[in-house]
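Here UniProt numbering is used: position 230 in the sequence shown is 230, and no number is missing along the way. Note that beta-carbon positions come from the ideal geometry of N, C-alpha and C, so glycine has one too.
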Amino acid sequence: MFIPLYDTNRLRHIRLQYVTIGLIAANALVYLATTLGGENFNNAAVLGLGFIPSVVHDKVELSPEFVVIPESLSYLTYSFLHADIFHLGGNMLFLWVFGDNVEDALGHIRYLIFYLACAAAGAFVQGLVGWDSQVPLIGASGAIAGVVAAYLILYPRVKVWVLAFARIPLRIPAFIPLILWILFQIVMFAAGGEDQVSWACHIGGIIAGAVLVLVLRSRGVPLLAGADGEPGPTPNVQQVPVPIEPGATPEPPAQSAPQWGRGAASPQD
Numbered sequence: 001m002f003i004p005l006y007d008t009n010r011l012r013h014i015r016l017q018y019v020t021i022g023l024i025a026a027n028a029l030v031y032l033a034t035t036l037g038g039e040n041f042n043n044a045a046v047l048g049l050g051f052i053p054s055v056v057h058d059k060v061e062l063s064p065e066f067v068v069i070p071e072s073l074s075y076l077t078y079s080f081l082h083a084d085i086f087h088l089g090g091n092m093l094f095l096w097v098f099g100d101n102v103e104d105a106l107g108h109i110r111y112l113i114f115y116l117a118c119a120a121a122g123a124f125v126q127g128l129v130g131w132d133s134q135v136p137l138i139g140a141s142g143a144i145a146g147v148v149a150a151y152l153i154l155y156p157r158v159k160v161w162v163l164a165f166a167r168i169p170l171r172i173p174a175f176i177p178l179i180l181w182i183l184f185q186i187v188m189f190a191a192g193g194e195d196q197v198s199w200a201c202h203i204g205g206i207i208a209g210a211v212l213v214l215v216l217r218s219r220g221v222p223l224l225a226g227a228d229g230e231p232g233p234t235p236n237v238q239q240v241p242v243p244i245e246p247g248a249t250p251e252p253p254a255q256s257a258p259q260w261g262r263g264a265a266s267p268q269d
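Here you go:
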């Protein structure tokens with residue numbers, strides 16, 4: 001539908017989005033390790049670290065050679081595995097464009113908790129929908145869906161550059177592509193879209209992201225920020241004139257002492 005390229009939303013509360021950068025690096029390193037390890041190693045990683053609903057729900061027992069972590073940890077570990085470079089690249093591009101400002105709004109630690117919670121929520125909803133499924137769930141899409149939902153709530157009017165239909169560059173308010181993206185996930189989930197894409201995982205991440213951003217955002221961070229990422233303009237309220245008693249003469253305004261010297265009357269930045 002669209003590919004995000006860049007947003008015009010500066011950081012206000014942090015100097016560097018090092019959690020976002022760290023997550024991108026971790027995903028890239030895991031992909032590199034599983035790819036270089038060969039097909040057998042990659043398959044073992046998917047079975048051992050991917051989220052398999054039937055295994056987590058004790059419907060099926062995983063072969064002992066693939067058991068490397070407690071089953072409950074797969075609610076998180078699955079999100080660091082990717083099927084191919086396009087799967088990885090698409091998720092990390094969304095995280096790079098939108099994740100830094102969500103991290104800025106939440107703070108480093110709360111953002112990391114937010115990201116992992118959205119990943120877990122995606123796996124949870126996938127597990128509810130496919131309770132007995134033996135197909136491993138992998139990919140950061142659940143967490144990314146949460147980031148998209150949070151960005152939409154925080155900065156709907158910030159301008160973003162996107163490639164519409166992967167060809168047409170457009171600079172438009174964020175709410176246009178993000179709402180369309182979320183609606184597409186809902187429609188595909190309801191219609192039972194492609195089996196290779198976990199639409200349920202996306203829905204779980206979207207719901208978690210929309211709820212958690214309201215709870216975890218830093219104090220003073222507004223919702224529905226304006227086109228420049230700042231709060232929307234407040235209405236211009238005219239000051240009500242204060243009545244003066246009859247016969248009273250208002251005191252003249254105090255005169256400031258004269259300033260002497262070079263540049264004394266210059267305005268300050």
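Query raised in the report: Of the residues Ile-52, Pro-4 and Ala-191, which one's Cα is nearest the Cα of Gly-90?
Result: The alpha carbon of Gly-90 has as its nearest neighbour, out of Ile-52, Pro-4 and Ala-191, the alpha carbon of Pro-4.
Requested in this report: Check whether the stretch 56-63 touches the stretch 210-227, counting contact only when three or more Cβ pairs, one atom from each stretch, lie closer than 8 Å.
Outcome: As far as the Cβ criterion goes, the stretch 56-63 does not touch the stretch 210-227, which means the pair count is below three.
Query - Which listed residue (Ile-179, Arg-171, Ile-109 and Phe-94) has its alpha carbon closest to that of Gly-142 - result: Of the listed residues, the one whose Cα sits closest to Gly-142 is Phe-94.
Query - Helix, strand or coil at Val-67 according to DSSP, with G and I counted as helix - result: Val-67 falls in the coil class under three-state DSSP.
Query raised in the report: For Leu-223, which residues from the same chain have a beta carbon less than 7 Å from its beta carbon, with the 5 sequence-adjacent residues on both sides left out?
Result: For Leu-223, where only same-chain residues beyond five positions count, the Cβ hits under 7 Å are Ile-153 and Leu-154.
Query raised in the report: Secondary structure at Pro-136, three-state DSSP: helix, strand or coil?
Result: In this structure, Pro-136 counts as coil in the three-state DSSP scheme.
Query raised in the report: Applying the criterion that 16 or more other CB atoms from any shown protein chain within 10 Å of the CB defines a buried residue, is Ala-83 buried or exposed?
Result: Ala-83 is exposed by the Cβ-count criterion.
Query raised in the report: What are the boundary residues of the beta strand (DSSP E) that includes Val-162?
Result: It spans 159-164 - the beta strand (DSSP E) in which Val-162 sits, taken as one unbroken run.
**Report entry** Residue from Asn-101, Arg-110 and Ala-33 whose Cα sits closest to the Cα of Leu-216
**Finding:** For Leu-216, the nearest C-alpha among the options comes from Arg-110.
Query - Cutoff 8 Å; reference Ala-26; Cβ partners in own chain excluding five residues on either side - result: Closer than 8 Å at the Cβ level, and outside the excluded window around Ala-26, lie Phe-80.
**Report entry** DSSP-derived helix/strand/coil call for Tyr-78
**Finding:** Three-state result, Tyr-78: helix.
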